[in-house]
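Structure, as structure tokens:
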Amino acid sequence: MELPKLNFQETFDFKFKKDKDKFFIYDLVRKTYLLLTPEEWVRQHWIHYYLTVESYSISALITEKKIVLNGLTKRIDLLITEKAQPKILIECKAPQIKLTEKTFEQTARYNSIIGAKEIILTNGLQHISAYFENEQYQFYKP
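Under my numbering, think of the first position of the sequence shown as 25, with each following residue one higher.
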């Protein structure tokens, strides 16, 4: 399987397995192998980044958490917590998905339920980071 090189300075030690014609990647948070989709490839980079580079504990990372938004059940991709409080909400898209104002608004809507101080919208190649202040999002300057 040909995986795109993502926009991370670090290289991470991923574990893979193949079953029939499908590839799986080991998720350190859920302690299981997951189907290796383009979006999962991006999420696993962020998980490894927060565990190895930022030195968060596994218990501070929450994946695939269900939320209810306007009566619909949604799932967030990755939430980084600090002292059990939401800190950074990360919404992962596949590398070929263009990051737009619409995809950023989706992340902001999810965060209206979660209440994290920061959000990151990423397709692994491009990362858009913002923090919530004075009732609006401020974008970090690259």
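Idealized CB from N, CA, C, for every residue including glycine.
Count the other CB atoms, across all protein chains shown, that sit within 10 Å of the CB of residue i; report buried if there are 16 or more and exposed otherwise.
| i | result |
| --- | --- |
| E115 | buried |
| R54 | exposed |
| T124 | exposed |
| L85 | buried |
| L59 | exposed |
| L96 | exposed |
| Q120 | exposed |
| Q33 | exposed |
| T131 | buried |
| Q167 | The structure shown does not extend to residue 167, since the chain is modelled only from 25 to 166, so the question has no answer here. |
| E64 | buried |
| N158 | exposed |
Whole-angstrom Cβ separation of residue i and residue j, contact assumed at under 8 angstroms?
| i | j | result |
| --- | --- | --- |
| L30 | L149 | 6 angstroms |
| K42 | Y50 | That pair is no contact at about 13 angstroms. |
| L52 | L75 | 6 angstroms |
Could you check whether residue j and residue i sit closer than 8 angstroms to each other, using their CB atoms as the reference points?
| i | j | result |
| --- | --- | --- |
| L93 | R133 | yes |
| V77 | A118 | no |
| I138 | L113 | yes |
| A154 | P110 | no |
| F48 | H72 | no |
| R99 | E106 | no |
On a Cα-Cα basis, can you pick out the residue from the options that is closest to residue i?
| i | options | result |
| --- | --- | --- |
| K126 | I152, P110, K111 | I152 |
| A108 | Q33, S83, Y57, F48 | S83 |
| D101 | Y161, S79, Q33, N135 | N135 |
| E129 | Q160, L27, T87 | Q160 |
| W70 | N147, K44, Y57, D45 | N147 |
Is residue i near the ligand SAM, with its Cβ less than 7 angstroms from a heavy atom?
| i | result |
| --- | --- |
| L30 | Among the components modelled here there is no ligand, and therefore nothing to report on the ligand SAM. |
Tell me, please, whether the CB atom of residue i is closer than 8 angstroms to any CB atom in chain B?
| i | result |
| --- | --- |
| I138 | Structure shown: chain B not included; a single protein chain is present. |
Legend entry - Complete alpha helix (DSSP H) runs within the segment 36-107 (minimum length 4 residues, chain order): DSSP assignment within the segment 36-107 yields the following whole alpha helix (DSSP H) runs of 4 residues or more, N-terminal first: 62-72.
Legend entry - Contained beta strand (DSSP E) runs [length at least 3] in the segment 117-151, N- to C-terminal order: 142-146
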